[in-house]
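First residue of the sequence shown? That's 14 in the working numbering, and the numbers climb one at a time after it. Note that beta-carbon positions come from the ideal geometry of N, C-alpha and C, so glycine has one too. Since this is a predicted model, take the numbers as computed values, not measurements.
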Amino acid sequence: QSGHYGRGKECTNELSLERTIIFTIPDIVLFFNTTMFAMTAYIIPFRLMESSDGKYTLTMANTLLSIMSVTSFVSAFLLSYIATRGISTLLFILVGNVCYFSGIILIYGATTDFMSFTGAFEIGVVLAGFGDAAVTNLCIPSKFDLYKDWKMDNKTLGVKASTTLNTALGSSAVLGVVLSSFVASPKSEIPTLLTNGTVLLGTSAALLYSIIRK
């Protein structure tokens, strides 16, 4: 039996294999987002300070990086409104994912000799801040939207969605910190950027699949 059902059709409360995959994709995207950020964020201030030839102190570099948190905080209010207006949350997660990884690539690239340009770091933290808010804040609402489209009972969905969200956040943060030791040297610059680009393409393709097949 096909795992895909059209809108408006009744179905059992048990997820098919395809729907299980679609249901899990936002958590997978969040896992990779958090991993890639944790992998690069902890060494960014030091790399920026060293690559700027004295332009940035460690304090200034940390202050600039905090712009991401401010942008994410402000964006969360906008995204909370979006989540209540019936707009496709998966679509906004896709947009946020593209912004997030584009931002991370710009942030890390600003600390290299071959990708640095005026304003790269600042643009990167704004894009990453918005993307982080979109992926993190819309992850759980996307699950309720999917259950609504599939006409399924969501009485226990909150606990299930929160558990998977916290698991994704916790495990990815630990993994990212472990991997951060491999991205500090100049030899790791191109592999790090290629890894972020590859994950961007993979997660975006998965989200696009979810949007089409849900």
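- The C-beta of residue 120 has 16 or more other C-beta atoms within 10 Å across all chains shown, which makes the residue buried.
- Rounded to whole angstroms, residue 117 and residue 152 show a C-alpha spacing of 20 Å.
- Closest in C-alpha terms to residue 146, from the list 46, 41, 158, comes 46.
- The segment 55–125 is shown to contain whole alpha helix (DSSP H) runs of 4 or more residues at 57–64, 71–78, 80–96, 102–122, in chain order.
- Residue 202 sits buried, since 16 or more C-beta atoms from the chains shown fall within 10 Å of its C-beta.
- Straight through space, the alpha carbons of residue 102 and residue 123 are spaced by roughly 31 Å.
- Using a 10 angstroms sphere on the CB of residue 140, the tally of other CB atoms reaches 16 or more, which defines it as buried.
- Between residue 81 and residue 171, the C-beta gap is not smaller than 8 Å, which leaves the two residues out of contact.
- Here the C-alpha atom of residue 198 lies approximately 48 Å from the C-alpha atom of residue 167.
- Here residue 160 is buried, its C-beta having at least 16 other C-beta atoms within 10 Å.
- Judged by beta-carbon spacing, residue 216 lies beyond the 8 Å limit of residue 150, meaning their Cβ atoms are not closer than that value.
- Secondary structure of residue 131 (DSSP, three-state): coil.
- Under the three-state reduction of DSSP output, residue 174 falls in the helix class.
- Annotation note: the segment 133–192 contains the following uninterrupted alpha helix (DSSP H) runs of length 4 or greater, listed N- to C-terminal: 133–162, 170–192.
- Under the three-state reduction of DSSP output, residue 31 falls in the helix class.
- With a cutoff of 8 Å on beta-carbon distance, residue 221 and residue 107 are scored as near each other.
- The alpha-carbon of residue 174 is positioned some 43 Å away from that of residue 65.
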